[in-house]
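Protein chains in written order, with the working numbering: chain X, 11 to 362; chain L, 11 to 362. Have a look at the structure below, then the notes.
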DNA sequence: GATGTTGCGGAAAGCGCTCTCCACCCTAGG
DNA sequence: CCTAGGGTGGAGAGCGCTTTCCGCAACATC
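Here you go:
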């Protein structure tokens, strides 16, 4: 019976002995190799395994087979709904393929990202999926690329989500296109005096996030197609977080006064920033949606219930995760996939 | 130089050969064992490793050392901010210990949970942390306990977050106490006619979630201490999700009419449900906070900006994750830790 | 009966590491 | 001069598996 006093896991050897067969037969019975095992023997092995509570040592299998069942996912911040939604997609899809996913966090620090990749590389994952946002002209980009190249040289696969073109498998999210459509639609609704809360980076000292940049540029183009221009003085650089949005709006109010100097629409480059911005407006006595329209980007499900309901560009984040895994597993990378954003006009931009 | 054509990872053997030393010396140089290596040799090894882009094979190390650097985390739903906050805490703390965390999702299905544990067990993680919510009288509980017992018999550690007492390391979250304090305070503020949106399970067909049950009971006790009673007809069983909250409120409105028959406070057993409930109220023409007060539980950061700001019991979720890991790593389990919730009264319950 | 075929079990050689043990060199002490 | 002992390198066993290869038996074919 089960040896309750043991303190190290049951091995295949134990099972084989218990079943009275060889290691080879036990192995073949438990993982359905190409080779057949006589039913009687397989039966005995399965029983013995069950009785002993055997569970194959994945590390040993990995060493013997030369391949693991692991996929690594690197995100900026797990608690951020943007990343956790993507993670949910990856984990869900991974499970369908009987893969285990290991996660790490860059904490939005691009130097750490290189370290994390180095650490993850040791796991010999089938693929490394990078969902952490990249910066333009990042000084660590070269180091990252080098580390990833080494990983690929060892047979690994690298998938990048939403970023600059890189010599790896790419999953593009249509930030620019979505933002453009959003900008165009809002301009058509009559908004003329627009301010933008962009992500961090002024282009000089700190480099901007690629995602933020794409959304900023796209949005401006969308507005421009209706003859609306956003002067540089109305583009605020701030953190890519809720607090960043809050502070950005505060800054706007500080600069232009509590009537915002006629600004009728504030576009934040992501939903959590937009929500922070609404709070700041409210705290300054403005009613979002009435005194100033606000729009975001992403369409985070958890934020679906904020009031007024947020106009945004809807991104299928779980699907992004699923597609990323599919891309990682595909034999041939194919052309870079593009996931589109869909404009969702809601009460936070009632129109003028 | 780096062999760019290779397709299988660089091994320690390669490094040793490149450096002109033995496998043993290479191993000792690269991981700082107890044994000394002459500086010159270590230097050569480090250089060779760098040049070849070597990264130690974690699986092989695990097999050789008989121990991994992995911790497994099992959550109900990664995209749910409750779980992702805990996950962030675990991942953050794990990193400080140079551990990698692998995540799996039960999708709130308790049968799947057993399977997931079985799969994770193969990884031989140092610990398995279970954050997935458990049900009272779960028919799969026995199977789960058995699977976990097997894992522990193999030297693994199991940590349970927020649940029934079980013969494993426990991290208790003070759901009952927090709910009681919240109930008491709200009763003191004058609320008398209360309805509760509880989690799923009617106690007969479907078993209730332990978390939900604790919060329900605690809240009732808190009210009772001020002489306020909640009749069973005002306790709605619904899904533990945003949609569950929405439907629960709809049901309340359907039953008691659009004035809610005098109900002045609705307590939802978690924040996402509360937010869903507010939306349902709004969609029915009620103004949350004015026509009906709403309270939640958890204090999810992402939901900090909903309006009216949500009264809730604040749980330090990231800390829960950190403590869970600490508990997993501790030599001696010690007495079950208890993490307290703090009442946060905000505008969604202005008082009467 | 000799000669293939299959079908299946087991021995053993790896997989990429760690770590024990032994060998060797050098210095110090007698 | 010899011996003891500390420091260091390397051979090789072993971790828990997979998988190749060999051998044996049972059966079909001529």
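Cβ atoms here follow ideal geometry from the backbone N, Cα and C, with glycine treated the same way. Here the structure is a predicted model, which is why all the values come from computation and not from measurement.
- Using a Cβ cut-off of 8 Å, pull out every chain L residue sitting near residue 248 of chain X, in sequence order please. Residue mapping note: residue 248 of chain X aligns to position 238 of the first chain, counting from 1. Those within 8 Å of residue 248 of chain X in chain L number zero; the least Cβ separation is about 16 Å.
- Task: Could you round the C-beta distance between residue 229 of chain L and residue 264 of chain L to whole angstroms and report it? I think they count as a contact, below 8 Å.
- Result: Residue mapping note: residue 229 of chain L aligns to position 219 of the second chain, counting from 1. Residue mapping note: residue 264 of chain L aligns to position 254 of the second chain, counting from 1. 23 Å between Cβ atoms; not a contact.
- Query: Would you say residue 352 of chain L and residue 324 of chain L are within 7 Å of each other, going by their C-beta atoms?
  - Reply: Indexing the second chain from 1 puts residue 352 of chain L at position 342. Indexing the second chain from 1 puts residue 324 of chain L at position 314. For residue 352 of chain L and residue 324 of chain L, yes; Cβs fall inside 7 Å.
- Message: Nearest by alpha-carbon distance to residue 251 of chain X: which of X:270, X:222, X:107 and X:235 is it?
- Response: Within the first chain, numbered from 1, the residue matching residue 251 of chain X stands at position 241. Measuring from the Cα of residue 251 of chain X, the nearest candidate turns out to be X:222.
- Message: I'd like to check one pair, residue 303 of chain X with residue 327 of chain X: are the Cβ atoms closer than 7 Å?
- Response: Translated into positions along the first chain, residue 327 of chain X becomes position 317. Translated into positions along the first chain, residue 303 of chain X becomes position 293. No, the Cβ-Cβ distance between residue 327 of chain X and residue 303 of chain X is not below 7 Å.
- Message: I'd like to know if the segment 236 to 248 of chain L and the segment 164 to 181 of chain L are in contact, where contact means that at least 3 CB-CB pairs between them fall below 8 Å.
- Response: Flag = no, the segment 236 to 248 of chain L and the segment 164 to 181 of chain L do not touch.
- Task: Would you mind sorting residue 105 of chain L into buried or exposed? The rule is 16 or more other CB atoms within 10 Å of its CB.
- Result: Residue numbering aside, residue 105 of chain L sits at position 95 when the second chain is read from its first letter. Classification for residue 105 of chain L: buried.
- Task: State yes or no: is the beta carbon of residue 115 of chain L nearer than 7 Å to at least one beta carbon in chain X?
- Result: Position 105 of the second chain, counting from 1, holds the residue named residue 115 of chain L. For residue 115 of chain L, the answer is yes, since a Cβ of chain X falls inside 7 Å of its Cβ.
- Query: Looking at residue 47 of chain L and residue 35 of chain L, is the spacing between their C-beta atoms short of 7 Å?
  - Reply: Within the second chain, the letter at position 25 stands for residue 35 of chain L. Within the second chain, the letter at position 37 stands for residue 47 of chain L. Yes; because the gap between Cβ atoms is below 7 Å, this pair is in contact.
- Message: If we define contact as Cβ-Cβ less than 7 Å, is residue 316 of chain X a contact residue for chain L?
- Response: Here residue 316 of chain X is taken as the residue at index 306 of the first chain, counted from 1. With 7 Å as the cut-off, residue 316 of chain X counts as an interface residue toward chain L.
- Exposure label - residue 241 of chain X; buried when at least 16 CB within 10 Å: For the purposes of this step, residue 241 of chain X is identified with residue 231 of the first chain, where counting begins at 1. Exposed is the call here.
- Item | Outcome for residue 163 of chain L when other beta-carbon atoms lying within 10 angstroms are tallied against a minimum of 16 | Looking up residue 163 of chain L in the second chain gives position 153. The residue in question, residue 163 of chain L, is buried, as its Cβ has 16 or more Cβ neighbours within 10 Å.
- Message: For the segment 326 to 346 of chain X, list every residue whose C-beta sits within 8 Å of some C-beta in chain L, in sequence order.
- Response: Closer than 8 Å at the C-beta level to chain L, one finds these residues of the segment 326 to 346 of chain X: 328.
- When X:82, X:53, X:21 and X:72 are compared against residue 63 of chain X, the one with the closest alpha-carbon: The residue you call residue 63 of chain X lines up with position 53 of the first chain. Closest by alpha carbon: X:21.
- Message: Let me check understanding here. Comparing Cα to Cα, which of L:256, L:279, L:320 and L:266 lies closest to residue 292 of chain L?
- Response: Along the second chain, one-based indexing puts residue 292 of chain L at 282. Taking only the C-alpha atoms, the option nearest residue 292 of chain L is L:256.
- Report yes if the CB atom of residue 299 of chain X is closer than 7 Å to the CB atom of residue 318 of chain X, and no otherwise. In the first chain, residue 299 of chain X corresponds to position 289, counting from 1. In the first chain, residue 318 of chain X corresponds to position 308, counting from 1. A contact, by the Cβ cut-off of 7 Å.
- Would you identify the three-state DSSP class for residue 109 of chain X, choosing helix, strand or coil? Against the first chain, residue 109 of chain X aligns to sequence position 99. In this structure, residue 109 of chain X counts as coil in the three-state DSSP scheme.
- Assigned exposure category for residue 341 of chain L - 16 Cβ within 10 Å defines buried: Looking up residue 341 of chain L in the second chain gives position 331. By the neighbour-count rule (16 or more Cβ atoms within 10 Å), residue 341 of chain L is not buried but exposed.
- chain L contact for residue 17 of chain X (CB, 7 Å cutoff): In the first chain, counting from the first residue as 1, residue 17 of chain X sits at position 7. With 7 Å as the cut-off, residue 17 of chain X counts as an interface residue toward chain L.
- Please decide whether residue 21 of chain X counts as near chain L, where near means a Cβ-Cβ distance under 7 Å. For the purposes of this step, residue 21 of chain X is identified with residue 11 of the first chain, where counting begins at 1. For residue 21 of chain X, no Cβ of chain L is located within less than 7 Å of the residue's own Cβ.
- Looking at the structure shown, is residue 289 of chain X part of a helix, part of a strand, or coil, going by DSSP? Within the first chain, residue 289 of chain X is the residue found at index 279, counting from 1. For residue 289 of chain X, the secondary structure class from DSSP, reduced to helix, strand or coil, is helix.
- Segments assigned alpha helix (DSSP H), at least 4 residues, entirely inside the segment 50 to 91 of chain X: Fully enclosed alpha helix (DSSP H) runs of 4 or longer: 68 to 75.
- Task: Note down the Cα distance separating residue 359 of chain X from residue 308 of chain X, rounded to an integer number of angstroms.
- Result: Stepping through the first chain from its first residue, residue 359 of chain X is reached at position 349. Stepping through the first chain from its first residue, residue 308 of chain X is reached at position 298. Between residue 359 of chain X and residue 308 of chain X, the C-alpha separation is close to 16 Å.
- Is residue 150 of chain X helix, strand or coil when you go by DSSP? For the purposes of this step, residue 150 of chain X is taken as the residue at position 140 of the first chain. DSSP places residue 150 of chain X in coil when its eight states are reduced to three.
- Message: Rounded to the nearest angstrom, what separates residue 262 of chain X and residue 270 of chain X at their Cα positions?
- Response: Taking the first chain and counting its residues from 1, one reaches residue 262 of chain X at position 252. Taking the first chain and counting its residues from 1, one reaches residue 270 of chain X at position 260. Residue 262 of chain X and residue 270 of chain X: Cα-Cα distance of roughly 7 Å.
- To the nearest angstrom, how far is it from the Cα of residue 236 of chain X to the Cα of residue 290 of chain X? Here residue 236 of chain X is taken as the residue at index 226 of the first chain, counted from 1. Here residue 290 of chain X is taken as the residue at index 280 of the first chain, counted from 1. When rounded, the separation of the alpha-carbon atoms in residue 236 of chain X and residue 290 of chain X is 29 Å.
- Query: Would you say the beta carbon of residue 226 of chain X comes nearer than 6 Å to a heavy atom of the ligand ADP?
  - Reply: Among the ligands in the structure shown, none appear at all, so the ligand ADP cannot be discussed.
- Message: Can you find the residues in the same chain that come closer than 7 Å, C-beta to C-beta, to residue 180 of chain L, ignoring five residues on each side of it along the sequence?
- Response: Within the second chain, residue 180 of chain L is the residue found at index 170, counting from 1. Apart from the 5 residues on each side of it in sequence, residue 180 of chain L sits with its Cβ closer than 7 Å to the Cβ of 170 and 346 in its chain, given in chain order.
- Query: For residue 127 of chain L, which residues from the same chain have a beta carbon less than 6 Å from its beta carbon, with the 5 sequence-adjacent residues on both sides left out?
  - Reply: Position 117 of the second chain, counting from 1, holds the residue named residue 127 of chain L. For residue 127 of chain L, same chain residues with a beta-carbon under 6 Å away, outside a window of 5 residues either side, are 157 in chain order.
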